[in-house]
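Colleague: Before I ask anything, let me first share the structure, which is written out below as structure tokens.
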Amino acid sequence: MIRHLVPLVCLPLAWSACRAADDRTAPPPGDLLFQEDFAKGMDNWWVEGGRKVWIEDGRLHVDADPPKGEPGQVCTVWCRHEFSGDLRLEVDCHVLASHADANNINFFLLYADPAGQPLWETRDTRADGAYPKYHDLDGYIFTFLNDARAEGGRDAEGATQARFRIRRCPGFKLLSETFAGHCQRETTYHACITRIGQTLTIAVDGKVCLEARDEQPLERGLIGLRTFQTRLWWDNVRVSRPANER
Numbered sequence: 043m044i045r046h047l048v049p050l051v052c053l054p055l056a057w058s059a060c061r062a063a064d065d066r067t068a069p070p071p072g073d074l075l076f077q078e079d080f081a082k083g084m085d086n087w088w089v090e091g092g093r094k095v096w097i098e099d100g101r102l103h104v105d106a107d108p109p110k111g112e113p114g115q116v117c118t119v120w121c122r123h124e125f126s127g128d129l130r131l132e133v134d135c136h137v138l139a140s141h142a143d144a145n146n147i148n149f150f151l152l153y154a155d156p157a158g159q160p161l162w163e164t165r166d167t168r169a170d171g172a173y174p175k176y177h178d179l180d181g182y183i184f185t186f187l188n189d190a191r192a193e194g195g196r197d198a199e200g201a202t203q204a205r206f207r208i209r210r211c212p213g214f215k216l217l218s219e220t221f222a223g224h225c226q227r228e229t230t231y232h233a234c235i236t237r238i239g240q241t242l243t244i245a246v247d248g249k250v251c252l253e254a255r256d257e258q259p260l261e262r263g264l265i266g267l268r269t270f271q272t273r274l275w276w277d278n279v280r281v282s283r284p285a286n287e288r
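Now the structure itself:
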């Protein structure tokens, strides 16, 4: 659903998702490759796992927050379009609930089967959305969530921080990690994921929160929206070429 949003980066620092020490910003968009506002439903997408996935008020809602012990606590929503080369993925995301305080917002980028088989054809093998089933595929995982266990410490006000990670599969290899800012419920974040050459970044509300390098970058695959123990919505997906390629 296309709408006007007041940029969250203009709010007080305590509300920022990321406190980038060097004030780096996400590269501006170039040529548009794909755009989705879910006004026409989910024709461009398919689902693996979760309790329920539906369109409401022009937004993609995902419920992967069942009562403890019940199935459906993980979900991946795949875009059917394949992308290649340098990419800039943007999406609005908004956590509604998480009984475990996970507030889990994840992204899959350039995902593909190393054997060359389309992921659509093997979707039934991942029908439950179990996380390990994605670790043997080619792809990058970008994680933005609430550090509920305070593994990265707490901020000056005693609140938990957001945890950011970038991984490469197969092998579930951790490329980079940091704890910064917050990932809160009832807050709309504008996330931006980029792969430019060997450099990978995740930015929230315009500020780069984490960067990693991959000397043998993946070149082609799908994008996916992923969550764990969280009920949230997604909107305004845009995939473009980065305007300022490094």
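Just so we're on the same page, our numbering is the position in the sequence shown counted from 1, plus 42.
Glycine included, every Cβ here is placed at the ideal spot set by N, Cα and C.
Report the residue from P109, F214, A198 whose alpha carbon sits nearest the alpha carbon of K175.
Modeller: Minimum Cα distance to K175 is reached at F214.
Colleague: Would E90 be called buried (16 or more neighbouring beta carbons within 10 Å of its own) or exposed?
Modeller: buried
Colleague: Hey, A106 and T272: beta-carbon distance below 8 Å or not?
Modeller: yes
Colleague: For E219, which residues from the same chain have a beta carbon less than 8 Å from its beta carbon, with the 5 sequence-adjacent residues on both sides left out?
Modeller: Excluding residues within five positions, the ones whose Cβ falls inside 8 Å are R205, F206, R207, I208, L252.
Colleague: Output the residue ranges of the alpha helix (DSSP H) runs that lie fully inside the segment 206–279 and measure 4 residues or longer, sorted by chain position.
Modeller: none
Colleague: Is the number of C-beta pairs between the segment 258–269 and the segment 136–153 that are closer than 8 Å three or more?
Modeller: yes
Colleague: Is the segment 89–103 in contact with the segment 246–262, if contact means three or more CB pairs nearer than 8 Å?
Modeller: no
Colleague: Mapping DSSP to helix, strand and coil, what is L102?
Modeller: strand
Colleague: Spell out the partners DSSP gives E90 in its beta bridges.
Modeller: T118
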